[in-house]
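Note that the sequence shown ends on residue 96 in numbering that gives the first Met the number 0; no numbers are left out.
The beta-carbon is built from N, C-alpha and C at its ideal position, and this holds for glycine as well.
Have a look at the structure below, then the notes.
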Amino acid sequence: MATYSQQDLALRKLISEVLYYVWDPIDVVEFPHARDEYDLYHDAVFKLLRTNASEQAIATYLNTIAVENMLELNRRARAEQAARVLVRWRDYCAASV
């Protein structure tokens with residue numbers, strides 16, 4: 000089992016929140032039982048953030064998931080908004096160390 004720093008734990012929690020509340024390409028936010036709907040993508044987003052991927056790269060990843068895995072078109076704006084929030088928080092967490 001992986002051991003995470005406090006910073007990584009905070010970032011992982013944030014990823015979960017952003018994917019569910021901001022990205023949410025299939026509009027499950029109104030259904031509490033679907034809270035884990037996007038957990039499958041959590042580790043990949045964490046890796047992107049930890050390797051200092053750009054906002055554009057993260058948005059592209061999220062949009063690709065929405066289109067290819069969920070057949071949701073016109074979700075680019077949500078992917079961009081989620082990526083923007085994730086990168087800002089990553090940078091904030093890094094500066095707080």
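- Query: Can the beta-carbon of VAL86 be found closer than 9 Å to that of LEU48?
  - Reply: yes
- Item | Distance between ARG74 and TYR24 (C-alpha atoms, nearest Å) | What sits at residue 24 in the sequence shown is Pro, not Tyr. Distance between the alpha carbons of PRO24 and ARG74: 6 Å.
- Task: Spell out a yes or no on whether the stretch 13 to 20 and the stretch 35 to 55 are touching, meaning 3 or more CB-CB pairs, one atom from each, closer than 8 Å.
- Result: yes
- On the premise that ARG89 lies in contact with LEU10, defined as a C-beta separation below 8 Å, what is that separation, rounded to the nearest angstrom? 6 Å
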